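One structure is given here, and the rest of the page talks about it.
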Amino acid sequence: MFHEHRDLISELKNTDTHFQKMFKEHNDLDNQIDKLENDVVKSVSREDEIEEMKRRKLLLKDQIGRYLEEKSQEK
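Position in the sequence shown (first residue = 1) + 140 = the working numbering.
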């Protein structure tokens, strides 16, 4: 994700609390989604929840992308 901003991501993960929060939530959602989708029983019974998590993750990805563009232009 966002390979062209690899150095900026590393920097922001260490210095920017807003970025840290977005990045952590995105990764946490990714892990939760993977875990639920790999559990056949849970994935069927929690389909709506998984879809909502995916929408939130996509929103965060968009926000992270915009944030990275803003920060890269500041430099």
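For glycine and all other residues, C-beta sits at the position ideal for the given N, C-alpha and C.
In this text the structure is predicted, and so the values were computed from the model without any measurement.
Beta-carbon separation (whole angstroms), residue i vs residue j, contact threshold 8 Å
i	j	result
Phe142	Tyr207	Phe142 to Tyr207, Cβ: 10 Å. No contact.
Lys211	Leu169	With 8 Å as the limit, Lys211 and Leu169 do not qualify as a contact, their Cβ atoms being about 22 Å apart.
Ser183	Glu177	5 Å
Met193	Gln172	6 Å
Coil, strand or helix - residue i by DSSP
i	result
Met141	coil
Is there contact here, the segment 160 to 172 with the segment 199 to 209, by at least three beta-carbon pairs under 8 Å?
-> yes
Report the residue ranges of all alpha helix (DSSP H) runs contained in full by the segment 153 to 189; include only those spanning at least 4 residues, in chain order.
-> 157 to 177 and 180 to 185
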